[in-house]
Amino acid sequence: MKEQLEEIRRRALDELTDGASDQQIEAVRVRVLGRSGELTEVMRGMREVPQAERPAIGQLVNQIKRELEERIEALKLRLRQGALERSLAEARLDVTLPGARVPRGRIHPVTQILERMLDIFVSMGFEVAMTRDVEDDFHNFEALNFPPDHPAREMQDTFLVGGGLLLRSHTSNGQIRVMEERKPPLAVVCPGRCYRRDELSVRASPMFTQIEGFMVDRVGRITMGHLKGVLIEFLRAFYGPETGVRFRSSYFPFTEPSAEVDIHCLLCKGAGCRVCKHTGWTEILGCGMIHPNVLRAVKLDPEEFQGFAFGFGVERPALLKLGVDDMRLFFENDLRFLAQFPSLAGGAA
Amino acid sequence: MKVPLKWLEEFVSVDATVEQIARRLTVAGLEVENLERVRASFSGVVVARVLDVGKHPNADRLSLCQVDAGAAGRFSVVCGAPNVSRGMTAALATVGAKLGDEPELEAAVIRGIRSEGMLCSERELGLSQDHHGILSLPDDAPLGTPVADYLGLDDVVLDIAILANRGDALSILGVARDVAALFGVRLHAPRTRPLRVERHEGDGASSSFAVRMAAPEQCPRYAALKMTGVRVAPSPVWMRRRLELCGMRGLNNVVDATNYVMLEMGQPLHAFDLDRIAANTIVVRRAGSDREFVTLDNARRALEAGDLVIADPEKPLALAGVMGGLNSEVGLSTQTILLESAYFEPIAVAKTARRLGLRSEASYRFERGIDRAGQTAALMRVAELLKRYADARPEGAIADFEPRPAPVREIALDLNRMSALLGVETSAAEAKRRLVSLGASVRRGEARGTLKVIPPSWRSDLDEAADLAEEVARLSGLEEIPATLPARVFSYAPANREREFFRDTREVMLGAGFTEIDTLAFISAADNEKFAGIGHGEPLSVHNPLSEELREMRRSLAPGLLAALIFNLNRQATALHAFEIAKVFARVKGEVVERYHLGALSYGDYALSEIGRPGVKAGFFTLKGVAEAYLRALGVAERVRFKAPAPEHPLAFLHPGRSALILLSEEPIGYVGEFHPQDAMERGLAEQCTLCELDLQKLISYGLSPRPAIEPPPRFPAVRRDLALVLDREFPADMILKTIREIAPALLESVEVFDVYEGEAIAPGRKSVALALRYRATDRTLTDEEVNRTHAGLVEQARTRLGAELRQ
């Protein structure tokens, strides 16, 4: 029995040479140490060994087992070490090849600009309210003091959907909707989609984005001076602290006095160029003190309350800011355009 | 409105450059959009008198003229014009003159006779197409003066955008009024010799014609003047030139004079050939039963009963305020005219003009509101011009019919209230000065710090105190109002839920690699039928769409996403992973419903792995995974179920076997699925295209519901046991999970599908679903024995309940 064990040991060690391969080592391990390997076979034969010799044989089996296991472990370690050294020496990546492309989304530039604008207003104390796109004549026109024959109420300017309903032509309906539900003091901006019967072109789109804003409080607490202050603050926050701002008298049915606001042309900074038709100014928004008739329409007494309102489109300032001049870019969704915007907050703004 | 500077300067003179005037007007609401410098198309042409006309010795049709050009000298000129006559004042192009694009004029020998210049026709001077003879100038034209200066051909034209409420500024005089008020200088209104006016409160007759005012609501005032002995001819060059600079064309001296006065004073005028008016009677009435009418432009116009017309007892003569008729047009044979100067209500004119698509200079002015009291002054002015340039004589007085006098508007202006509105103090004196400069009459009110203001008749837009505040602010300059920030107690206002929600939604989609797009809400009826959306409801259609392609409001975001895909594929893109958050529209039980949806589309390579290894293609499970990630982010995944649509109600545009309804608490809120292969083929899509859409309206409230309590990470390890169940191929995986969760022992922490196998080792029509089950106790490390016992119990129950076999 002992000789038999020695023979097993010798043969195994002969095969476990320094140069043995992984497979050779594994073959030895399975043959000798495996569940039905040579050593197990020997142990099965223990019954035939006289009682007195059994401890010694058992000891020897364990010793051989340990010895072979250590030898195998050592060889395997050597092999791993060798493989590692070889790989360190040989494996070289072309680190200049591109990495795996991870999907990455972008936020539409109009969203980015709109969000940036809303952030500014929110930081100035305005709430955000969203209202209906499909509106009735009262909220889109009548309550806003549009005379019954105003051109904007004509079929050629506003989309009608029947039943006295239309697609709002501006977000000014938000003013009416909010003031119908809540009493002043109010400071609200209403972003949303508007619709006008213009073909999609370089300059116009039948659907576009506007922000309407208004502030209403008791008489004397919100003045035209405040309107100027708030808008200048906003425009400088959005376009830069040096932006020149000009208020120009104008006319809107729903404000009195009314004004149009120009900023210095972003291209020539007010010097005059082709883009601003050599005026140095770019028209950016309309505003004014809320017309007494508008307050009356929402059952507020103009002797008691007053406020200002303003409204502007988002796409045009977005074009100005991005330095491109084609409205269609926003609605075509050409990836080659969209992919230029960083997918980071405030990327475009 | 085009305003030639020289014309403007006849009424107001300011010590400022035209640029300064333009800037000031612009800020005050008369936006000068352009300054156009105009010049004569010639130089070296002077005023000259023909002293003598002799025959050219060698040509029958030519004459040899001696002309005196004052300081420029005397010349001998060969002329071929039939109208050249002795004593005539004409335009002489001297040697060296430039006429249009012609080379410089040289002295020439014509049929053996030397000519030291040329007498010019209007065409040669670029003034008109007239080449019948040479231009005849007034006798008082100073000899030797450059003709360009004499005719005032070098000028600057201010192109002003007139606001809708400023009908008063649609004239040279109107603009001059604002210039005078802005610069604080005097206005010189046109001076005319007054004519006698006979006033009538209703119908009436002068000695030679009668007027019946049958529609005082639409026409509260109608003034008319008869003129006789009219000689119809071309009007003088300077007048035609001015009309032209203002965008009108010269016709004849009568029509031109009426247009000239309209441009100058803002009062549209019309001249009828009185001999063509029956019974010398004008009737101002509604069209009534008259059905059609031929306007001056020789077009047949359909009338409606409510249209206001000027008629005689037999027939309509003019569309009031819009256009005259061919049947009473002034022509070369006209000798007697009736001049009309009326006030028509803006709405009456607007309705007719718009319906007929007939916008004239007159209708434009009536629509915006003309001077309510300017009728007789305009008649006096035009009478003067016609006397001078058409030899016409007024017959009788101006007959002025006013059945409905203008109400007197007196507005109380509280100066404190005005300061409170504008945010700047204005003294009573300052306010008064500003308002008076506009033509208002102003007196002190009874209460301290108040004014009583009667606005001028031409400012129909001034109705209440706020309007006057605007005028004061406008004239003082908005820059005088200091910009301040409101002192306001900012109470906490909750953030807008929708906005926050969309922002969160965008963040998830961005994280999943999707790009946001923006599409028009209009689609074709066919697309709206096919992509009926989730909420159902009838399509909302636009009554006046821009095109059939944009006829309806979308019920689903899918068509827009597909359009964006095709657009990009046509531009060589190979993949698109896009989403949109936008409204969809429908009519539900007659009510218009608008809801926010999230739509997503996935096409082509989703993620590219390293070079040399295959990338990930987008498919059903890519987009379902994105949807799941989103629903998990909202914390509603537990309440959501994906269900294959019933075979009899598939989502028509999706692959019937590769699409699912998304249910939230068993109510459909969306779908995910592969675009129907048939449609994909028709659209030339080479790869699988997957669509997903969710109704966000329901999710907004869920998304903001409180999150479940947060637990610390477990302290003891979990033990995993796998299980493979063999079931019918059609058996849905989520039923297996649901069943296991129902029978789950307390120790089961989670169960997940990790593989599905169909193939050789499995009976046909069956599949093997491999599940990973995790067991964990919160208070101890589980022993193998405990796990084995629990797992064996669960496996046995699951097997029986599901009727499955165990796969060994």
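For the protein sequence lines, the chains are A and B, in the order given.
For the first sequence, this note's numbering gives the first residue as -3, with consecutive numbering after it.
For the second sequence, this note's numbering gives the first residue as 174, with consecutive numbering after it.
Here a beta-carbon is modelled for each residue, glycine too, at the ideal position from N, C-alpha and C.
Two segments are said to touch when three or more pairs of C-beta atoms, one from each, lie closer than 8 Å; by this definition the region 911 to 923 of chain B touches the region 942 to 955 of chain B. Residue state for A/Gln336 is assigned as coil, using DSSP reduced to three classes. With a minimum length of 3 residues, the unbroken runs of beta strand (DSSP E) contained wholly in the region 443 to 518 of chain B fall at 443 to 446, 454 to 459, 465 to 467, 473 to 475, 481 to 484, 489 to 492, 510 to 516. The beta-bridge partner set that DSSP reports for B/His964 is empty. Residue range 277 to 286 is occupied by the beta strand (DSSP E) that includes A/Gly284. Scanning B/Ile627, B/Cys392, B/Leu781, B/Ala213 for the CA closest to the CA of B/Asp480 turns up B/Cys392. Within the region 877 to 903 of chain B, the complete beta strand (DSSP E) segments of 3 residues or longer fall at 892 to 901, listed in chain order.
The C-beta distance from B/Ser288 to B/Glu295 rounds to 20 Å, too long to meet the 8 Å contact threshold.
Rounded to whole angstroms, the separation of the alpha carbons of B/Asp957 and A/Gln47 is 37 Å. A Cβ-Cβ separation of about 5 Å places A/Thr154 in contact with A/Ser165 under the 8 Å criterion. Its chain contains Arg541 as the residues whose beta carbon lies nearer than 8 Å to that of B/Ala337, once the 5 sequence neighbours on both sides are disregarded; these appear in chain order. At a cut-off of 8 Å between beta-carbon atoms, B/Phe687 makes contact with chain A.
Look at A/Pro253 here: in three-state DSSP terms it is strand. Around the beta-carbon of A/Asp10, fewer than 16 other beta-carbon atoms lie within 10 Å, marking it exposed. At a cut-off of 8 Å between C-beta atoms, A/Glu252 counts as an interface residue with respect to chain B. Between B/Pro712 and B/Ala668, the beta carbon gap of about 34 Å keeps them out of contact (Cβ cut-off 8 Å). DSSP places A/Glu123 within a strand segment (E or B) once states are collapsed to three. Per DSSP, the unbroken alpha helix (DSSP H) holding B/Thr549 starts and ends at 548 to 563. By the beta-carbon neighbour count (other beta carbons within 10 angstroms, threshold 16), B/Ala694 is buried. Across the structure, B/Val185 and B/Gly347 are spaced so that their CA atoms are roughly 11 Å apart. Excluding its 5 nearest sequence neighbours in each direction, B/Asp634 has C-beta neighbours in its own chain below 6 Å: Asn338, listed in chain order. Among the CB atoms of chain A, one or more fall inside 8 Å of the CB of B/Glu671. Shown here, B/Ala388 sits in coil according to DSSP, grouped into three states, outside any helix or strand. Proximity of the region 408 to 420 of chain B to the region 461 to 468 of chain B falls short of the contact definition, fewer than three beta-carbon pairs being nearer than 8 Å. In this chain, the beta strand (DSSP E) harbouring A/Tyr191 covers 182 to 191.
When beta bridges are read from the DSSP output, B/Cys862 appears opposite B/Tyr776. Beta-bridge annotation (DSSP): B/Met291 is paired with B/Ala266.
Against A/Pro288, the close residues of chain B are Glu637, Ala638, Ala639, in the order they occur along the chain (beta-carbon pairs closer than 9 Å).
Contact annotation: the region 241 to 249 of chain B touches the region 263 to 270 of chain B, with at least three C-beta pairs closer than 8 Å.
Cβ atoms of B/Leu316 and B/Cys293 stay farther apart than 8 Å, at about 15 Å. Cβ-Cβ separation between B/Asp868 and B/Arg768: approximately 6 Å, consistent with a contact (criterion under 8 Å). Using a CB distance below 8 Å, the part of the region 683 to 712 of chain B facing chain A consists of Leu683, Gly684, Ala685, Gly686, Phe687, Thr688, Glu689, Ile690, Asp691, Thr692, Leu693, Ala694, Phe695, ordered along the chain. Taking a Cβ-Cβ cut-off of 8 Å, A/Glu176 has no neighbours in chain B, whose nearest Cβ is about 18 Å from it. Within the DSSP secondary-structure output, B/Leu624 pairs in a beta bridge with B/Leu586, B/Arg617. Scanning chain B for C-beta atoms nearer than 8 Å to the C-beta of A/Gln302 yields Ala593, Leu594, reported in chain order.
For B/Asn207, the secondary structure class from DSSP, reduced to helix, strand or coil, is strand.
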